[in-house]
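Shown next, in structure tokens, is the structure this report addresses.
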Amino acid sequence: MADRDELETLRRRAYGPGADIHEDVAALERLRALEQRDRPEPPSVAQEPARPDVAFPFPFAEVVVDKEPEPEHELRGRVAARAVLSVLGRAAARLAHVRRSTCFAIAGLAAVASLIATTLVVVERVQPDPLQTGAEQLARLSPDAGYPTLDFFTSSSTGARTFQAFHGVRVVVFASDMFGSASGGTCMGAYSERDAQSNDNGFSGQLLWGCAVGSFPAHTQFRSDLTGFPGELKSAFPGPTAIQMVYDSEHDEVVVFASPIDE
């Protein structure tokens, strides 16, 4: 009876809450001895009748099975595993009593963390040149709200607006009715910023323009060393270089491409 009480005590130290038997080598050895003693004896098996001796051309190898006690490291591992499962079980029981509002709050924080992680991924829009000439995309110009659109464009076309400058070149987008175009689409023009007349908000100089037709976007193209265009542009592309500007209506941006000219 004393051994049974001792075995129960050692098992509580091994498998119960606050298990600490893995720190006591002597207690581990005692637990192993008591558990082996407590194991039931295997049922007896009826002995088979003796078989007549049969001669074989080769002898059988004798196999000896020696039942050794459970190694100490295996016992330690089993005890530690049960202790971990016990701790996890208690944690799961506590979690089952957490208020529903707390669970919703945790789920909300997880969703916010996921959204933040997603917004950190920035994808640059790279648009191939419409004519598939292998030109390199240089910039995307946005509407310039601080730059007044010249009356030259607004008086003849509704919705005309000016975009950011590109090496002294200004781009304006306007409706196709300005020049009586029958395309019915949007048009865009490029001009030297210095040609804008600040005194009467007019315009004098070259205007390179083109309108959208069908699925083709509005675009214009010119040489970087074009006569009458800014020297700043020529200095930036001394190649010379072909410059193409394409209006991206979906994002309301002007995409600038460049391709060297072989001469």
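So the sequence shown is numbered by the numbering used here: it starts at -16 and just counts up by one.
For glycine and all other residues, C-beta sits at the position ideal for the given N, C-alpha and C.
The C-beta of V8 has fewer than 16 other C-beta atoms within 10 Å across all chains shown, which makes the residue exposed.
Q19: member of the alpha helix (DSSP H) spanning V8 to D21, first to last residue.
A distance of 9 Å or more separates the beta carbons of A16 and H5. As the crow flies, the alpha-carbon of G168 is around 30 Å from that of I244.
DSSP, reduced to helix, strand and coil, places H5 within a helical segment of the structure shown. For D(-14), the enclosing alpha helix (DSSP H) begins and ends at A(-15) to Y(-2).
In the three-state reduction of the DSSP assignment, S232 falls in the coil class. Judged by DSSP secondary structure, G214 falls within the alpha helix (DSSP H) whose first and last residues are G214 to A219. Taken through DSSP and simplified to helix, strand or coil, T224 comes out as strand. Judged by DSSP in its simplified three-state form, S187 adopts coil rather than helix or strand. DSSP, reduced to helix, strand and coil, places E119 within a strand of the structure shown. Measuring C-alpha to C-alpha distances from A219 to each of S198, M228, T203 and F149 identifies F149 as the nearest. Taken through DSSP and simplified to helix, strand or coil, S198 comes out as coil. Rounded to the nearest angstrom, the Cβ distance from L133 to A179 is 6 Å, consistent with a contact under 8 Å. Secondary structure note for T137: its alpha helix (DSSP H) is the uninterrupted segment D134 to T137.
In this structure, F199 lies away from F205, with their beta-carbon atoms at least 9 Å apart.
The Cβ neighbour count for H202, taken over all protein chains shown within 10 Å, is at least 16; the residue is labelled buried.
Take the alpha-carbon of G(-1) and the one of E(-9): they are about 10 Å apart.
Q19 counts as exposed, since fewer than 16 other C-beta atoms from the protein chains shown sit within 10 angstroms of its C-beta.
With respect to V156, V238 sits apart: the two C-beta atoms are not nearer than 9 Å. Going by beta carbons, V154 and L124 fall inside the 9 Å limit. DSSP places S159 within a helical segment (H, G or I) once states are collapsed to three. Cα atoms of A118 and G129: separation of roughly 30 Å, rounded to the nearest angstrom. Straight-line spacing of the CA atoms in S175 and D235 works out to 21 Å.
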